[in-house]
Structures are given as structure tokens and as C-alpha cells.
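Colleague: Dropping the structure in here first, questions after.
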Amino acid sequence: GRWRLFRHEAGQDSGPPPWAYVALFAACLLVGIWSAREFNAVVIWPANGVMLAAALQLHRKNAIRVLVACFALNLMGNVVRGDPQPFLWLNALLNIGEACLAALIARRVCGAALDLRRPARLARFALLAVVPAVLLSAVVILSVVAPMRHYTLPIFLFTLVRYFLMETLGLLIVAPTLLLIAKA
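Residue numbering for the sequence shown follows the working numbering, beginning at 195 and increasing consecutively.
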């Protein structure tokens, strides 16, 4: 089989229009910024799940437009949140990279139709697409953070698990939900 990131051009449109993904992504960013400011923590990051669903449901041209708009919004959100360099751009880059890698793997291991109503496909989506993409993203960001903040091994492992769970929950709650709504 072939590796494909976007929906085949001959495939039928499904899901909400492109602007709805951008609006949903913006709403997720606002919730994340509010949570970080109000509680000094983010428990779940659903924004990447929106990008993943957009990449899986939209045709190439619209998907690229949505991903570019989400990347720009992510950068602006990082500025508003006050992220220092290099995290200002690195967070946004890793977010879009995580969504695209998960989409690429999902297309390969779950089939082009991505019907997640089947438990076996949902398990493959979770374990073979989402987990590796999030794990790679977590290792990259912590490879940058750990030396800058002089993390001890226990702090590094705690942060790795927290980041991994936060990102994984967002992808596994939002993306399958949007995919299932589109199939309904």
C-alpha cells in the first residue's frame, strides 16, 4: 500500500466545512490559554485532535489551508500566553507535526476510509498512530526543555508522562469524535 496524508481527491467530502475546524481549533486554544492562566496548568490539549480530524477528513487543498490557519493561530496563542523562545515556535511546530504524523500513520494502519466504529480500527488508531506521534513530540520538546531547566530524572519522567497523557487524551477524545460525527 501507499502512504497518504490527505483524503483521496476522488473520496467523498465528509465532516464540517474547513472554517468550522479553524473555529473549533481557536476555541480549543482559548480554553488552553484560560486554563494555563487560571490554574497554571493544562490538563488536556484538544486542539491537536481538531487538526488531526481536519487532515483526515478534508481534501488536500482545504486540509492544507486549515493546517496553515491553525499553525498561525497557534503561534498567536503562544504569543498571548507568553511562551519564551524557542517554545514560541517549537510548540506550534510540534503540534502540527504531531497531527500530521498521526494522520499519516492512521491512513496507513487504519485504512483509507477510517471508519472508527470498528473497535479493532479504533485500537490501531490509538496504539499505532496516536501513541507514536505523541511520544515523538513529547521526547522532542523535553529534549529541549530538560537541559534548559536542569531536570532531574524523576522530574523528566513525570513531565514526560504528564505531557504524553495531556496530548494523547486530546487526540483520542476529539479526533475520533469528529470522525464519528462525520460518518453519522
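Think of the CB as a built atom: it goes at the ideal place given N, C-alpha and C, for glycine as much as any other residue.
#1: Please report the distance separating the alpha-carbon of V262 from that of K255.
#2: Here's a check: name, in chain order, each residue in its chain whose Cβ is nearer than 8 Å to the Cβ of L288, leaving out the five neighbours to either side.
#3: Where in the region 227–297 do unbroken runs of the alpha helix (DSSP H), each at least 4 residues long, occur, reported from the N-terminal end onward?
#4: How would you write the range of the alpha helix (DSSP H) that L310 sits in, first residue to last?
#5: Can you find at least 3 beta carbon pairs, one from the region 276–287 and one from the region 241–255, that sit closer than 8 Å?
#6: L250 and A308 - do their beta-carbons sit closer together than 9 Å?
#7: Count the other C-beta atoms from every protein chain shown that fall within 10 angstroms of the C-beta of I367, then say buried if there are 16 or more, exposed otherwise.
#8: My output table needs one value for S208: the three-state DSSP class, helix, strand or coil.
#9: With a Cβ-Cβ cutoff of 9 Å, do A327 and L295 count as a contact?
#10: Which same chain residues, not among the five before or five after W197, have their C-beta less than 8 Å away from its C-beta?
#11: Assuming V325 and T362 form a contact by the criterion Cβ under 8 Å, report the distance between their Cβ atoms to the nearest whole angstrom.
#12: Alpha carbon to alpha carbon, what distance is there between C304 and L269?
#13: Is R302 helix, strand or coil by DSSP?
#14: Can you give the Cα-Cα distance for F319 and I290, rounded to whole angstroms?
#15: The alpha helix (DSSP H) spanning V324 covers which residue range?
#16: Of the choices L373, I375, P348 and T353, whose alpha-carbon is the least far from that of V236?
#17: Return the residue from the list P240, Y215 and A214 that minimises the CA-CA distance to G226.
#18: May I ask you to report which of helix, strand or coil DSSP gives T371?
Modeller: So, to answer that:
#1: On the sequence shown, residue 262 is found 68 positions in, with the first residue counted as 1. On the sequence shown, residue 255 is found 61 positions in, with the first residue counted as 1. Going by the C-alpha atoms only, they are around 11 Å apart.
#2: For the purposes of this step, residue 288 is identified with residue 94 of the sequence shown, where counting begins at 1. Answer for L288: S331, V334 and I335, listed in chain order.
#3: If one requires a minimum length of 4 residues, the alpha helix (DSSP H) runs lying completely within the region 227–297 are 241–251 and 254–275, in chain order.
#4: Counting from 1 along the sequence shown, the entry for residue 310 is found at position 116. Per DSSP, L310 belongs to no alpha helix (DSSP H) and is neither H nor E.
#5: no
#6: As a working note, residue 308 is residue 114 in the sequence shown. As a working note, residue 250 is residue 56 in the sequence shown. Rather than Ala, the amino acid found at residue 308 in this sequence is Leu. Cβ distance < 9 Å, so L308 and L250 count as in contact.
#7: By 1-based counting over the sequence shown, the position of residue 367 is 173. Around the beta carbon of I367, fewer than 16 other beta carbons sit within 10 angstroms, so the residue counts as exposed.
#8: The sequence position of residue 208 within the sequence shown is 14, counting from 1. If DSSP states are grouped into helix, strand and coil, S208 belongs with coil.
#9: Residue mapping note: residue 327 aligns to position 133 of the sequence shown, counting from 1. Residue mapping note: residue 295 aligns to position 101 of the sequence shown, counting from 1. Yes, Cβ-Cβ distance for A327 and L295 is below 9 Å.
#10: For the purposes of this step, residue 197 is taken as residue 3 along the sequence shown, with counting starting at 1. The residues are L298, R301 and R302.
#11: One-based indexing of the sequence shown puts residue 325 at position 131. One-based indexing of the sequence shown puts residue 362 at position 168. Right, their Cβ atoms sit about 7 Å apart.
#12: Residue 269 sits at position 75 when you count from the first residue of the sequence shown. Residue 304 sits at position 110 when you count from the first residue of the sequence shown. Cα to Cα, the separation comes out at about 31 Å.
#13: Looking up residue 302 in the sequence shown gives position 108. Helix at R302.
#14: Your numbering for residue 319 matches position 125 in the sequence shown. Your numbering for residue 290 matches position 96 in the sequence shown. Rounded to whole angstroms, F319 to I290 spans 18 Å at the Cα level.
#15: Along the sequence shown, read from residue 1 onward, the residue named residue 324 stands at position 130. Element bounds for V324: n/a, residue is neither H nor E.
#16: Looking up residue 236 in the sequence shown gives position 42. Closest option to V236, Cα to Cα, is T353.
#17: What you label residue 226 is simply residue 32 of the sequence shown in a count that begins at 1. Ranking P240, Y215 and A214 by Cα distance to G226 puts P240 first.
#18: Residue mapping note: residue 371 aligns to position 177 of the sequence shown, counting from 1. Helix, per DSSP.
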